[in-house]
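Quick note on the working numbering: the sequence shown kicks off at 61 and runs consecutively. Even for Gly, the Cβ is constructed at its ideal location relative to N, Cα and C. Encoded as structure tokens, the structure appears first; notes follow it.
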Amino acid sequence: KKEEEKKLKKMFNKGIAEQVAKQGADASRVRSTGPQDDAWVKIQQKTFTNWVNVKLKEGGFEEIKDLTTDFASGVSVIQLLEVCSKKPFPKYNKTPKLKAHKLENLTNALKRCQDEGLNLVNIGPGDIEEGNLKLILGFLWTIIYNYQVLPSMKAAMAGRTASKFNPKDELLKWVNSMLCKEHQVTNFTTDWNSGVAVCCLTNAVGGEPQLLPHHVQMSSAGAQRNCKEGIDTACDTLDVPKLLAPEDMASPAVDEKSMMMYISYFRTAKRKGASAAPAPEPPKEQPKEQPKPEPAPAAASAEEDQRPGAPRRSGKLQIYYSSTTSSRETRRHNELLKSVLERENVPGAFSTWIPLDLEEFRPLRDEIFAKASSRNLPIMFLNGEPWADAKKVEEMNESGEIHDFFSQIDYSK
């Protein structure tokens, strides 16, 4: 039996580990470590374990504590792949007792990775069963890269070949498109140590009103506190999981792959409760200079009024925006909408810009957000009914549909 077990292990290790591809080498390779790299390895081990547990929890499976021991049976690896691939394994040993049974589970898990198109480098079932931490981390990065980082950049990948697409550069480019000029980043390591960048990104993704408006006063002296505030706020309001500990983000040894994994969640994050909060009663008294939304025409409902191809209608636009935002993305959306109005020849008399961040208009803010089911400023209303927020304007501008909308408005009335 011992001889058969040795033969089985040798066959398992050779059969999977030899099938490697150059394309997956960079994604799966973990750099060699010495004493100076201990902090880096510990951070990656912690964050990757946190990510695994987020996925296992999604599938209703038991969480793990130690990658070097809890993956040995192959059960948690199979469960992780079931959640990530959304494909159940037809059969596996859920309570393996013998080493051969554990190796069989792990072989099936690695085969699933190959079937899914993942490139594995220098990893065999025996490496996982024996708890080789460096190879396990490399294996997990391949899974994270393919099931978390790449899917978050699906739109950016459209129409581009793999050889011309660099996920790290694209993610960094997206981050800087969201941040104001004063807080641009050049890497996924030390530029995040102060905690200011994660707070700025949380503000930008969350929209107006800013979740952390005091981020401009943050000092690098309070780096760990800043990181904690940014991570906690992103989790509580954007549903971005707490994969990184504040002390790890603030550490000079913060791991690049861990940061990329964490930041990739912001690309698809949305502010919680934007449509759930009921609209408060409008204030009884408004300043005389405040423009008031006009009532919608009785002839057509808001839904009918927005249909492409609907009859020409008269009306005025109310555009709610932020005039003091530090968010680069919000300022870009303001400029985009202004250019769209100019291009579509919308007369100035038919559009009113209302700055919700000014004191006199703040009583309207929650009402507008609730009515529009969005906090992405600027938000455009037609005759007092919400029509499009910043993201919808951008999407329809790219598709050309926005021209159809404006062409249906009769400005002569």
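Remark: C-beta atoms of Q139 and S324 do not approach each other more closely than 8 Å. Remark: C-beta atoms of G134 and N165 approach each other more closely than 8 Å. Between I439 and D449, the gap from beta carbon to beta carbon is short of 8 Å. Inter-residue distance for W100 and S311 is about 9 Å (C-alpha atoms, whole angstroms). Our two residues, K214 and L303, have alpha carbons roughly 22 Å apart in a direct line. By alpha-carbon distance to V265, the top candidate from M238, D308, K154 and P156 is M238. The criterion of a C-beta distance shorter than 8 Å is not satisfied by V406 and N457. Between E268 and S382, the C-beta spacing is below 8 Å. With respect to the 8 Å criterion, E395 and F466 are not classified as neighbours on the basis of their beta carbons. Ranking K228, Q284, P211 and W447 by CA distance to the CA of S254 puts Q284 first. Here I103 really is in contact with V314; their C-beta atoms are around 6 Å apart, less than 8 Å. Counting of Cβ neighbours within 10 angstroms places P446 among the buried residues, the total reaching 16 or more. In the DSSP assignment, E445 forms a beta bridge with L442. Closest by C-alpha distance to S387, out of N236, G282 and T328, is N236. If you look at L377, you'll find it in the beta strand (DSSP E) that goes L377 to Y381.
Linking T293 to G444 through their CA atoms gives a straight-line distance of about 32 Å. In this structure, I183 lies away from M321, with their beta-carbon atoms at least 8 Å apart. About 11 Å separates the Cβ atoms of G282 and C259, ruling out a contact at the 8 Å cut-off.
Only residues of its own chain outside the window of five on either side were considered, and among them P351, K376, L377, Q378 and I379 have a CB closer than 8 Å to the CB of T412, listed in chain order.
Beta-bridge annotation (DSSP): T412 is paired with Q378.
For the pair F326 and H161, the Cα-to-Cα distance works out to about 40 Å. Linking N263 to L298 through their CA atoms gives a straight-line distance of about 10 Å. Of the candidates R435, K452, D251 and L271, D251 places its Cα closest to the Cα of E316.
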